[in-house]
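So the structure is just underneath, and the comments pick up after that.
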Amino acid sequence: MARNLERARIDIQRLVDAVQSRDAIRQFCDLVNTRREPSLEDSIRSSHSHFQRPPGVDLPTLSAARYLILLNRGQQTSKIMTRIHQYLLAKICADHKQGSLRLESDMKKNILRISGLSSHQYDWQVSRGKKWIRLCGEDFDGVLCFILAGRFNSFDIAPNRYLDLDDGQLQTFHQLLKKKSNYTTSICSTGKAFQESLRAEDIHFRWETPKLLPISDLEESTMLSYLKPFKPLRENRFDANNFPEPARNPTILSDTEKQCDFCNDTTCYCLLQRLPKYNIRIKRYHGKGLGLQAVSNQFGAIVFEAGTLLGFLTGRLVPPKTCNHDMAAAMDDCQLDCSEMGNCFRLLNHACPDHAVAGLKKRRVSGQKMLAVEALQDIRSGTEITIDYGLKSCHLDCHSCCG
Numbered sequence: 001m002a003r004n005l006e007r008a009r010i011d012i013q014r015l016v017d018a019v020q021s022r023d024a025i026r027q028f029c030d031l032v033n034t035r036r037e038p039s040l041e042d043s044i045r046s047s048h049s050h051f052q053r054p055p056g057v058d059l060p061t062l063s064a065a066r067y068l069i070l071l072n073r074g075q076q077t078s079k080i081m082t083r084i085h086q087y088l089l090a091k092i093c094a095d096h097k098q099g100s101l102r103l104e105s106d107m108k109k110n111i112l113r114i115s116g117l118s119s120h121q122y123d124w125q126v127s128r129g130k131k132w133i134r135l136c137g138e139d140f141d142g143v144l145c146f147i148l149a150g151r152f153n154s155f156d157i158a159p160n161r162y163l164d165l166d167d168g169q170l171q172t173f174h175q176l177l178k179k180k181s182n183y184t185t186s187i188c189s190t191g192k193a194f195q196e197s198l199r200a201e202d203i204h205f206r207w208e209t210p211k212l213l214p215i216s217d218l219e220e221s222t223m224l225s226y227l228k229p230f231k232p233l234r235e236n237r238f239d240a241n242n243f244p245e246p247a248r249n250p251t252i253l254s255d256t257e258k259q260c261d262f263c264n265d266t267t268c269y270c271l272l273q274r275l276p277k278y279n280i281r282i283k284r285y286h287g288k289g290l291g292l293q294a295v296s297n298q299f300g301a302i303v304f305e306a307g308t309l310l311g312f313l314t315g316r317l318v319p320p321k322t323c324n325h326d327m328a329a330a331m332d333d334c335q336l337d338c339s340e341m342g343n344c345f346r347l348l349n350h351a352c353p354d355h356a357v358a359g360l361k362k363r364r365v366s367g368q369k370m371l372a373v374e375a376l377q378d379i380r381s382g383t384e385i386t387i388d389y390g391l392k393s394c395h396l397d398c399h400s401c402c403g
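Each residue of the sequence shown is one higher than the one before, counting from 1 in full-length UniProt numbering.
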């Protein structure tokens, strides 16, 4: 009896070892890189371009439904993405159940109409999602990204093996995960951040930088530090130690000035209400690296009309002439350094004035001076969002920056 228990424990330890392996890290990086393909969003949207978003269907629900369309048509781009969307769909269903049965029923009808799934197929996807939720428990949300996909992996473990764990085995699995607590916490928080970005503001990770060895080849503590996502700044970071005395944030408006260009209130939340939204995704462009793409619920639709505010560029405030790299922008009495911190707009690529689709404008918002990213022309779904940084080399070789 004791021998059988020990054998079972060793088997479950192999499941944990697989999750905590370098192969799982490589798989996660491949997953993120797949999401960076510029053509991915439109391939999903074009599969139901004739559908309008039904009333009452929020973006997270629609996102899960979109992916189920590809699954139903045999165009499964990633087994990991499938399990994540099953998980998210089951979460959404659970949230709706806390409301009313009618609300849950209406949501199901809308998803069936959008995705073309049968009621039986939908129920199966939700049931799989519930099993993934059970596996994650309360402490391991995000671990799905690190469960090796497919049967033919270096550990020869099929993903279904995790779902087949009984209550006692699952408890042992969770206990063994906690033994290497720092490692498990790091991968789970990273996986959770990725999952949440699928239905909210997009994020990018520290390892997504040029001239870096494959992250899986790095020493463990270094690898885990690069695995983390960049935490987006909601507001510019001001450190008085970086400025001469008397140090004062040069972007704060005086009480006698108009406090906001977007409303007439003296105190407002316009800055937080105009954060980057789901319709801006991070992509990788050949010869440029990471950049931003406009996406829409409808294939080829206009995402941002000319003059529309996309959001605000954020970063670290430094004294004038501190930085001479292309990730710094001039503001009144200071520079905005976006090289080490900021939000997704720090990834905006350069284009010549004739090709840039957006621009930076100085705006007053919620009592601060900010750099607003605004559309210079109508921006359609699938378009890379670019701005003119005023690079001198651009005029010598336009092809290098505009393709």
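Backbone N, C-alpha and C define an ideal beta-carbon position, used for all residues, glycine too.
Keep in mind that this is a model prediction, so the values were computed, not measured.
Which value, in whole angstroms, describes the spacing of the CA atoms of VAL126 and GLU245?
Looking up residue 126 in the sequence shown gives position 126. Looking up residue 245 in the sequence shown gives position 245. If I take the Cα positions, the gap works out to 60 Å.
Look up LEU360 in the DSSP assignment and give the residues it is bridged to.
For the purposes of this step, residue 360 is taken as the residue at position 360 of the sequence shown. Its beta-bridge partners are VAL373.
Between GLN13 and LYS91, what straight-line distance do the alpha-carbon atoms span, to the nearest angstrom?
Residue mapping note: residue 13 aligns to position 13 of the sequence shown, counting from 1. Residue mapping note: residue 91 aligns to position 91 of the sequence shown, counting from 1. Using only the alpha carbons, I get a separation of about 28 Å.
For ARG281 and ASN72, the rounded distance between their alpha carbons:
Here residue 72 corresponds to residue number 72 of the sequence shown, with the count starting at 1. Here residue 281 corresponds to residue number 281 of the sequence shown, with the count starting at 1. A caution first: ASN72 carries a pLDDT of 48, below 50, which makes its placement in the model unreliable, though a value can still be read off. Looking at the two C-alpha atoms, the distance is approximately 24 Å.
Quick one: grab the DSSP three-state call for ASN72.
Residue 72 sits at position 72 when you count from the first residue of the sequence shown. In this prediction, ASN72 scores a pLDDT of 48, lower than 50, which makes its location untrustworthy; the coordinate-derived value is nonetheless stated afterwards. Here ASN72 sits in helix by DSSP.
What is the rounded straight-line gap between the Cα of LEU15 and the Cα of SER105?
The sequence position of residue 15 within the sequence shown is 15, counting from 1. The sequence position of residue 105 within the sequence shown is 105, counting from 1. For LEU15 and SER105, the distance between alpha carbons rounds to 37 Å.
Alpha carbon to alpha carbon, how far is ARG274 from ASP255?
To locate residue 274, count along the sequence shown from 1; it is residue 274. To locate residue 255, count along the sequence shown from 1; it is residue 255. Those two C-alpha atoms are separated by around 23 Å.
Given ASN236 as reference, the closest of ASP378, GLU220 and LEU313 once Cα atoms are compared:
In the sequence shown, residue 236 corresponds to position 236, counting from 1. The option with the nearest alpha carbon to ASN236 is LEU313.
Considering only the alpha carbon of each residue, which of LEU360, ILE215 and ILE133 lies closest to TRP207?
Within the sequence shown, residue 207 is the residue found at index 207, counting from 1. TRP207 has its Cα closest to that of ILE215, out of LEU360, ILE215 and ILE133.
With distances taken between CB atoms, is the gap from LEU292 to GLU384 smaller than 9 Å?
In the sequence shown, residue 292 corresponds to position 292, counting from 1. In the sequence shown, residue 384 corresponds to position 384, counting from 1. Yes, Cβ-Cβ distance for LEU292 and GLU384 is below 9 Å.
Taking the alpha helix (DSSP H) that PHE28 falls in, what are its first and last residues?
Here residue 28 refers to the residue found at position 28 of the sequence shown. Looking at the DSSP string, the run of the alpha helix (DSSP H) that includes PHE28 is 22-35.
Taking PHE243 as the reference, which of SER186, ASP11, LEU213 and LYS321 has the closest Cα?
Locating residue 243 in the sequence shown gives position 243, where the first residue counts as 1. It is LYS321 whose Cα lies nearest to the Cα of PHE243.
Leaving out five residues before and five after ASP11 in sequence, what residues of the same chain have Cβ atoms less than 6 Å from its Cβ?
Mapped onto the sequence shown, residue 11 falls at position 11. Cβ neighbours of ASP11 beyond the five flanking positions: none.
Cβ of ALA301 within 9 Å of any chain C Cβ:
Within the model displayed, chain C is absent; a lone protein chain is all it includes.
GLY315 and ALA329: beta carbons closer than 9 Å?
As a position in the sequence shown, residue 315 is number 315, starting the count at 1. As a position in the sequence shown, residue 329 is number 329, starting the count at 1. Taking 9 Å as the Cβ cut-off, GLY315 and ALA329 qualify as a contacting pair.
Using the C-alpha atoms, what's the distance from TYR389 back to HIS325?
Residue numbering aside, residue 325 sits at position 325 when the sequence shown is read from its first letter. Residue numbering aside, residue 389 sits at position 389 when the sequence shown is read from its first letter. Their backbone Cα atoms lie some 11 Å apart in a straight line.
Tell me the rounded alpha-carbon separation between PRO38 and LYS283.
The sequence position of residue 38 within the sequence shown is 38, counting from 1. The sequence position of residue 283 within the sequence shown is 283, counting from 1. Straight-line Cα distance between these residues: approximately 6 Å.
So what does DSSP say about PHE173, is it helix, strand or coil?
Stepping through the sequence shown from its first residue, residue 173 is reached at position 173. PHE173 falls in the helix class under three-state DSSP.
For ARG36 and ILE157, the rounded distance between their alpha carbons
Sequence index remark: in the sequence shown, residue 157 carries index 157 (1-based). Sequence index remark: in the sequence shown, residue 36 carries index 36 (1-based). Using only the alpha carbons, I get a separation of about 28 Å.
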